[in-house]
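Each residue of the sequence shown is one higher than the one before, counting from 492 in the working numbering.
Virtual Cβ for every residue (Gly too), placed ideally from N, Cα, C.
Input: a single structure, listed below in structure tokens.
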Amino acid sequence: MQTRFATAEDHAALASLYAMVQDSHASAYPHMFKHNHLTREGLEELIASGLQFLVAEQNGRIVGYVLIQVLDQPDDFEHHAHKALLIHNMAMNGGSNTADVLLNAAYDYGRAQGISDVQLEVWAFNSGVERWVKSMGYKPLRTRYTMNLK
């Protein structure tokens with residue numbers, strides 16, 4: 492299994508994987524997320540915004556991705572200068588080691604960028620993923636609450 496960064500030409504191959512994640516978010520939070528399909532333009536927009544799809548390929552076919560972003564906190568009144576690798580989400584339809592391959596590739600990329608801090612987002616509805624992430628040694632960083640003002 493090989494990893495590489497996606498390009499706009501990968502939009503069709505990523506579409507079903509992206510839909511798995513996007514649809515689960517849109518079903519849980521329809522007021523925030525759209526049920527949409529990943530188009531070439533959509534992928535280009537995400538890449539231009541600083542996000543990167545790190546994909547895993549097996550036999551020439553994309554079997555998973557991890558969506559990452561480098562966060563670069565400048566030194567300011569409240570914060571020390573700090574860089575972190577943020578994992579927004581991931582999706583797989585490959586073998587059981589696809590997640591390990593993708594996460595290790597993301598960690599290697601972070602290290603190559605001089606980053607030692609990895610942050611990973613898990614939405615509250617996704618308790619199974621939260622348990623999995625904690626089992627890998629991730630610790631909660633912060634909790635954000637929401638309330639609807641009717």
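> Is Met523 buried or exposed, if buried means 16 or more other CB atoms sit within 10 Å of its CB?
Replying inline: As a first step, residue 523 must be located in the sequence shown, where it is residue number 32. Under this definition Met523 is an exposed residue.
> Where Ala504 and Phe568 are concerned, what is the direct C-alpha to C-alpha distance, given to the nearest angstrom?
Replying inline: The count along the sequence shown starts at 1 and reaches residue 504 at position 13. The count along the sequence shown starts at 1 and reaches residue 568 at position 77. Near 44 Å, if we compare the C-alpha coordinates of Phe568 and Ala504.
>> Taking the straight line between their C-alpha atoms, what separation do you get for Thr530 and Ala517?
In response: What you label residue 530 is simply residue 39 of the sequence shown in a count that begins at 1. What you label residue 517 is simply residue 26 of the sequence shown in a count that begins at 1. Taking the straight line joining both Cα atoms gives about 17 Å.
>> On the CB-based measure, 16 or more other CB atoms within 10 Å of its CB, does His502 come out buried or exposed?
In response: Indexing the sequence shown from 1 puts residue 502 at position 11. So His502 ends up on the buried side.
>> Within 10 Å of its beta-carbon, does Asn527 have 16 or more other beta-carbons around it, so buried, or fewer, so exposed?
In response: The residue given as residue 527 occupies position 36 in the sequence shown. Asn527 is exposed by the Cβ-count criterion.
> Residues bridged to Phe616 by DSSP?
Replying inline: Numbered from its first residue, the sequence shown carries residue 616 at position 125. Phe616 is not bridged to any residue.
> Would a C-beta distance cut-off of 8 Å place Phe496 and Leu562 closer than the cut-off?
Replying inline: In the sequence shown, counting from the first residue as 1, residue 496 sits at position 5. In the sequence shown, counting from the first residue as 1, residue 562 sits at position 71. Cβ atoms of Phe496 and Leu562: not closer than 8 Å.
>> On the DSSP bridge list, what partners appear for Gly556?
In response: Walking along the sequence shown from the start, residue 556 turns up at place 65. It should be pointed out that residue 556 corresponds to Tyr in this sequence rather than to Gly. Beta-bridge pairing links Tyr556 to Val546 and Ala582.
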